[in-house]
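> The structure's right below; bear with me while I get my questions together.
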Amino acid sequence: MNLDPFFKLLWRHVVTVEILSHHFDRATGGTKSKQGLMDWVRGFLNSDSRDDKRVRESLKYLEEWGTQFWNETEYRVIEITEKVESDLTTEAKGRFGIDLAGASAGSKAQDSLSAEQRGELKRHGQQIISRAQVQDLNNVLLALDKVLDDPQQPYFVVIDALDEDWVEERLKYKLIMALIQTARDFNSVENAKVILALRRDVIERVFRLARDSGFQEEKYESMYLKVTWSDSDLLEILETRLSELARRKRVFDGVSLSKVLPRSFRSMPVRDYIVSRAPRPRDIISFFNCCIDSAVGKPKLRTAELRIAEGEYSRKRLRALGDEWSADYPHALSFAQILRERPSSFKISSIDEKDFEEKCLELAAEHPDSRDDLVKISIRVVDEILKPREAIIDVVQILYRIGLVGLKVHATERESWSDELGRSVSRGDIDEETSVVVHPAYHRALGIREK
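Numbering-wise, the sequence shown is residues 1251 to 1701 according to this note's numbering.
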């Protein structure tokens, strides 16, 4: 059964009720009553225009599905799920005498259904879900647009942490795809917007695993606002964090980075050195936390403490990279070992075939049933279906994709990184003469030789 319409229904319901409950709470000074909300919304609809009639009809939807208006969002999700489940159970019992609520998936009652009856039950179930989706949902958005008529009071629903374990893996990407589509639908509501915080790898995974046959990714690109951080932004975050730490410790003598860090490190200004290895807010905070841990009891960081902090941060960052991409490439860090003790930049042609084949044999033997693309590549090399030189390029492209390395396709160009806004590197761009540049964050963890 295609549950995509139900997932869209679920998100639109949750977001709409979330906005209306907050707006009503603000407008009425906190007097919470579902019926009061309905009467209040109807007050906006005093004409006989076509739009007002449609919106008045949409209130039936809110009255039917909104009994848990003032509960937490999770209760609204349960409510609407139980409503659809109840309709499905009633349909199955009335047509086939099957109590879905009390029958397990392998019950005799269900097993006795013919293929034709199973198909009919599935069709009717789909109709119930589709009916729930189309029942006044467009009118609900129209109602929301009508009620939120003050541009000075916009509403932003921000949804984060979608990459965490909030639902089982097989449903997660379908749900996120439905949420992205819901956010796009809310563009029709002038004073309310849905904002999703998603990592690049999560978006790629959603589009790859949850797309339907007619999906066109470019239609969604206008919705993106890619977040980038300048060096000054990152250093400002550190200064703010340091000031807050000083305030908590009741130190009020103007503590700053210049007072606690050495002037330079590894022949670079220390500030440039840190941001080169920690290009995101959470990275630079992690680095600085390692610095604090290495300098306990000392008034400032010396070169020795910074070196300890650098090693600890590098190892943590490599593990975190493996965790970030574990859904797609659970064995990525195994192949990261082909970078160990190399120069910070080297040609693909310098990777030894024999060492690479040994790594492929090891991975194929340990994980023969894995669906990881890196394991599949390894098995094809072991089975002599894929030549090692071609497989090396495939692996390097994956290491580029996860951000472990950058690639320099031409000697006259600077290296490209997959998370930058500029040119990306495709498989066809890579050959034996392409230079691999290991990200500075992972140098210490991989024993990379600095130039």
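Glycine residues also receive a C-beta, built at the ideal position from the N, C-alpha and C atoms.
Every value quoted in this text rests on a predicted model; they were computed, and no experiment measured them.
1) Which value, in whole angstroms, describes the spacing of the CA atoms of T1478 and S1628?
2) By Cβ distance below 7 Å, which residues in the same chain neighbour T1266 in space, the five residues on each side in sequence not counted?
3) Do V1688 and S1564 have their C-beta atoms within less than 8 Å of each other?
4) Between the alpha carbons of E1700 and D1605, how many angstroms are there, rounded?
5) Can you tell which of E1682, A1641, I1643 has the C-alpha that lies nearest to the C-alpha of H1660?
6) What residues match up with M1518 in a beta bridge as DSSP calls it?
7) Check F1465 in the structure and name its three-state DSSP category.
8) Buried or exposed: where does G1656 fall if 16 or more other Cβ atoms within 10 Å of its Cβ makes it buried?
9) With a 10 Å radius around its C-beta and 16 neighbouring C-beta atoms as the bar for buried, classify G1422 as buried or exposed.
10) Does the Cβ of Y1474 have 16 or more other Cβ atoms within 10 Å, making it buried, or fewer, making it exposed?
11) Does the distance from the C-beta atom of F1537 to that of A1559 stay below 8 Å?
12) Hey, is the stretch 1426-1441 in contact with the stretch 1584-1592, meaning 3+ C-beta pairs nearer than 8 Å?
13) Quick one, are the C-beta atoms of V1408 and I1453 less than 8 Å apart?
14) Measuring straight from C-alpha to C-alpha, what distance separates A1695 and I1487?
15) Using only alpha-carbon positions, find the residue among I1642, D1578, A1614 that is nearest to D1622.
16) Considering only the alpha carbon of each residue, which of C1610, R1434, F1256, S1620 lies closest to A1641?
17) Output the boundary residues of the alpha helix (DSSP H) element that contains R1510.
18) With burial defined as no fewer than 16 other Cβ atoms inside 10 Å of the residue's Cβ, what is the status of L1495: buried or exposed?
19) Are there 16 or more other CB atoms within 10 angstroms of the CB of I1635, so buried, or fewer, so exposed?
20) Report the rounded CA-to-CA distance for T1684 versus R1590, giving the unit in angstroms.
21) Quick one, which of I1648, N1441, V1686, E1603 has its alpha-carbon nearest R1592's?
22) Rounded to a whole number of angstroms, what is the C-alpha to C-alpha distance between S1668 and S1674?
23) Can you give me the Cβ contacts of F1406 inside the same chain, cut-off strictly under 6 Å, excluding the 5 residues immediately before and after it?
24) Do I1680 and V1646 count as a contact pair if the criterion is CB distance below 8 Å?
25) List the DSSP bridge partners of S1685.
26) Rounded to whole angstroms, what is the Cα-Cα separation between D1602 and E1616?
27) Less than 8 Å between the CB atoms is what I'm expecting for D1481 and R1449, so what's the real figure, rounded?
28) Closest to D1415 by C-alpha separation, out of D1573, P1531, R1500, would be which residue?
29) I'd like to know whether the C-beta atoms of V1632 and P1638 end up nearer to each other than 8 Å.
The relevant details are as follows:
1) 35 Å
2) V1390, L1394
3) no
4) 22 Å
5) For the options E1682, A1641, I1643, the alpha carbon positioned closest to that of H1660 is the one of E1682.
6) Paired residue(s): F1515.
7) Looking at F1465 - three-state DSSP - the assignment turns out to be coil, as it is neither helix nor strand.
8) buried
9) In the sequence as presented, Gly is not what sits at residue 1422; that position holds Lys. Label assigned to K1422: buried.
10) exposed
11) yes
12) no
13) no
14) 25 Å
15) D1578
16) C1610
17) One point to set straight first is that residue 1510 is Val, not Arg, in the sequence displayed. Taken as a continuous stretch (DSSP letters only), the alpha helix (DSSP H) holding V1510 covers 1507-1510.
18) exposed
19) exposed
20) Cα-Cα distance, rounded: 18 Å.
21) V1686
22) Spanning the two alpha carbons is a distance of roughly 6 Å.
23) Once the five neighbours on either side are set aside, the close Cβ partners of F1406 are K1443, I1445.
24) In this structure, I1680 lies closer than 8 Å to V1646 by Cβ.
25) K1597, K1658
26) 22 Å
27) Their Cβ separation, rounded to whole angstroms, is 21 Å, which puts D1481 and R1449 out of contact at 8 Å.
28) Taking the Cα of D1415 as reference, the smallest distance to any Cα among D1573, P1531, R1500 is reached at D1573.
29) Not in contact: V1632 and P1638 (Cβ atoms no closer than 8 Å).
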